[in-house]
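**Q**
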Amino acid sequence: VGPANNRKNRIKSSILVVVGRVHLKGMKHYWEKKTEIPQDRFQVCHSLGGGTGSGMGTLLISKIREEYPDRMMLTFSVFPSPKVSDTVVEPYNATLSVHQLVENADECMVLDNEALYDICFRTLKLTTPSFGDLNHLISATMSGVTCCLRFPGQLNSDLRKLAVNLIPFPRLHFFMLGFAPLTSRGSQQYRALSVPELTQQMWDAKNMMCAADPRHGRYLTASAIFRGKMSTKEVDEQMINVQNKNSSYFVEWIPNNVKS
């Protein structure tokens, strides 16, 4: 029996027992046995529009926080949008869930259904995007964000370093994601892009994974994660150029707030 898109139903149902006694116990057993996997973080992927992702998802996050208060909690949260909404209670589910993310998550990567559909329509020129196309964009973005955690590199960082560089206040840990290059699922056409091209694309509002135009606000902090064979000197130069050319879009009270 599903929660009927209702967060309250999902929290009050018997799924609480399942999460508390089965999932958490099984996860703890797996976590302690698999000593070769990193034991410094948890990563949760969920949607805030429905009852399961918002209710059970945030409940699971709070239970993990209680059990492992010293571990980093990273979430990839898909927020609903009124333009592509199919359920009247989506705003309630999302609003009630954000409070839990503020309290129990260390870093929250914000994804938006509206932005994902816009990318499929306008950038990838897909006439009828499917959930597979949306999931392709999300998975590519997740892979890019976490690549420095999974592969060796000269300037790799972990979630704690990312949090130190990006979070000016503890409760303000919601990040916009920009990704480049954008490709459709099954696309066979690839070409090598230069660092300036990648930089220009990743800062473009059309490449943002949430429907918020950064040109209508100001950046507090930013971090650019590059993947592949490229010069670190060229990357640093591009980040300096971005900050110098767009200084009006960055707050003055955080110096050197663009990291790479």
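FYI, the numbering for the sequence shown is 1 to 260, going by UniProt numbering. Don't be surprised by glycine CBs; every beta carbon is placed ideally from N, CA and C.
Excluding the 5 residues flanking residue 142 on each side, which residues of the same chain have their C-beta closer than 7 Å to its C-beta?
**A** Position 142 of the sequence shown, counting from 1, holds the residue named residue 142. Excluding sequence neighbours, residue 142 sits near 76.
**Q** Look at the Cβ atom of residue 118, then the Cβ atom of residue 212, and state whether they are nearer than 8 Å.
**A** Reading the sequence shown from its first residue, position 118 is the one you call residue 118. Reading the sequence shown from its first residue, position 212 is the one you call residue 212. No. Outside cutoff.
**Q** What does DSSP give as the partner residues of residue 172 in its beta bridges?
**A** The residue given as residue 172 occupies position 172 in the sequence shown. Residue 172 is not bridged to any residue.
**Q** The ligand PLP and residue 159: does the residue's C-beta get closer than 7 Å to at least one heavy atom of that ligand?
**A** Absence of the ligand PLP is noted for the structure shown, with no ligands found whatsoever.
**Q** According to DSSP, simplified to helix, strand and coil, what is residue 244?
**A** Your numbering for residue 244 matches position 244 in the sequence shown. Helix.
**Q** Considering only the beta carbon of each residue, do residue 162 and residue 107 sit closer than 8 Å?
**A** To locate residue 162, count along the sequence shown from 1; it is residue 162. To locate residue 107, count along the sequence shown from 1; it is residue 107. Yes, they are a contact pair.
**Q** Relative to the C-alpha of residue 311, which residue among 99, 80, 100 is closest?
**A** Any question about residue 311 goes unanswered here, given that the chain covers just 1 to 260.
**Q** In chain order, what residues of the same chain have a beta carbon less than 6 Å from the beta carbon of residue 180, not counting five sequence neighbours either side?
**A** Stepping through the sequence shown from its first residue, residue 180 is reached at position 180. So the list reads 198, 201, 202, 207, once near-sequence residues are dropped.
**Q** Who does residue 222 pair with in a DSSP beta bridge?
**A** Within the sequence shown, the letter at position 222 stands for residue 222. Per DSSP, 258.
**Q** What whole-angstrom Cβ distance do residue 223 and residue 259 have, given they're in contact under 8 Å?
**A** By 1-based counting over the sequence shown, the position of residue 223 is 223. By 1-based counting over the sequence shown, the position of residue 259 is 259. Between residue 259 and residue 223 the Cβ distance is about 5 Å, and since that is below 8 Å, they are a contact.
**Q** Is residue 2 helix, strand or coil when you go by DSSP?
**A** For the purposes of this step, residue 2 is identified with residue 2 of the sequence shown, where counting begins at 1. With a pLDDT of only 49 at residue 2, under 50, the local geometry of the prediction cannot be trusted, and no value is derived from it.
**Q** Distance, Cα to Cα, residue 185 vs residue 54?
**A** Against the sequence shown, residue 185 aligns to sequence position 185. Against the sequence shown, residue 54 aligns to sequence position 54. Each residue's alpha carbon lies about 27 Å from the other.
**Q** Per the DSSP calculation, residue 45 is bridged to which residue(s)?
**A** Within the sequence shown, the letter at position 45 stands for residue 45. 76, per the DSSP bridge assignment.
**Q** Taking 8 Å as the threshold, find out whether the stretch 128-136 comes into contact with the stretch 89-103 through three or more Cβ pairs.
**A** Judged by Cβ distances under 8 Å, the stretch 128-136 makes no contact with the stretch 89-103, as fewer than three pairs qualify.
**Q** What is the rounded straight-line gap between the Cα of residue 1 and the Cα of residue 52?
**A** Your numbering for residue 1 matches position 1 in the sequence shown. Your numbering for residue 52 matches position 52 in the sequence shown. With a pLDDT of only 41 at residue 1, under the threshold of 50, the placement of this residue in the model should not be trusted; the figure read from the coordinates follows. Near 11 Å, if we compare the C-alpha coordinates of residue 52 and residue 1.
**Q** Determine whether the beta carbon atoms of residue 209 and residue 112 lie at a separation below 8 Å.
**A** Along the sequence shown, read from residue 1 onward, the residue named residue 209 stands at position 209. Along the sequence shown, read from residue 1 onward, the residue named residue 112 stands at position 112. Yes. Within cutoff.
**Q** Under the three-state reduction of DSSP, which class applies to residue 57: helix, strand or coil?
**A** The sequence position of residue 57 within the sequence shown is 57, counting from 1. Residue 57 falls in the helix class under three-state DSSP.
**Q** Is residue 134 helix, strand or coil when you go by DSSP?
**A** The residue labelled residue 134 in the question sits at position 134 within the sequence shown. DSSP places residue 134 in helix when its eight states are reduced to three.
**Q** Considering only their Cβ atoms, is the gap separating residue 221 from residue 159 smaller than 8 Å?
**A** Walking along the sequence shown from the start, residue 159 turns up at place 159. Walking along the sequence shown from the start, residue 221 turns up at place 221. In this structure, residue 221 does not lie closer than 8 Å to residue 159 by Cβ.
**Q** In chain order, what residues of the same chain have a beta carbon less than 7 Å from the beta carbon of residue 62, not counting five sequence neighbours either side?
**A** Position 62 of the sequence shown, counting from 1, holds the residue named residue 62. 100, 104.
**Q** Go to residue 89, then tell me how far its alpha helix (DSSP H) extends in each direction, as first and last residue.
**A** The residue you call residue 89 lines up with position 89 of the sequence shown. From DSSP, residue 89 is part of no alpha helix (DSSP H); its letter is neither H nor E.
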